[in-house]
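Numbering (the working numbering), first residue to last: 6 to 174.
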């Protein structure tokens with residue numbers, strides 16, 4: 006389970022206070038572990054030997070685990086804050102809204118971008134979705150939402166998530 010999924014389901018979430026997860030994890034919705042910067046120990050095809058890593062400080066991690074275990078009220082409060090945050094800020098609607106606005110901005114300023122940034126022609130070409138393509142995709146999404154099986158599955162998943170969110174751990 007990813008961090009955001011755990012937060013959505015109201016699970017107490019512990020992670021380092023470093024890197025990408027801090028875009029959505031903070032002290033009010035998560036238990037953040039202190040870290041020391043260092044280079045990656047085992048480089049592979051995904052990370053080179055110069056990759057900077059946030060190595061968790063073991064003492065801090067143990068403190069967070071104890072904090073979760075010893076403080077049920079704090080655990081519930083942070084879990085509830087996490088669920089609300091993810092529902093509001095990381096929803097499909099919000100992600101789509103952000104992407105739509107970015108694509109609109111790129112589309113609106115396409116001529117200026119093309120003139121001023123010729124070396125990105127390939128990328129700009131990829132962003133040129135025709136209005137017809139957009140309308141076709143919107144029709145497909147509307148049809149999918151009306152599909153009885155898909156809407157039933159989505160409703161069932163939402164019910165399960167709500168039920169699990171009310172469970173006390």
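Positions of the beta carbon are idealized from the N, C-alpha and C atoms, including for glycine. What you are looking at is a predicted structure, and each value in this text was computed from that prediction instead of being measured.
- Sequence-distant Cβ neighbours of residue 17 in its own chain, meaning closer than 6 angstroms and more than five residues away, are 73, 80, 84.
- Excluding five sequence positions before and after residue 102, none of the CB atoms of its chain fall closer than 6 angstroms to its own CB.
- Residue 88: not part of any beta strand (DSSP E); member of the alpha helix (DSSP H) spanning 77-94, first to last residue.
- Straight through space, the alpha carbons of residue 163 and residue 146 are spaced by roughly 19 angstroms.
- Spatial neighbours of residue 113 in its own chain (CB-CB distance under 7 angstroms, excluding positions within 5 residues in sequence) are not present.
- Contact between residue 22 and residue 38 holds: their C-beta atoms lie close to 6 angstroms from each other, under 8 angstroms.
- Under the DSSP assignment, residue 8 falls in the alpha helix (DSSP H) whose first and last residues are 8-13.
- Under DSSP, residue 27 takes part in no beta bridge, so it has no partner.
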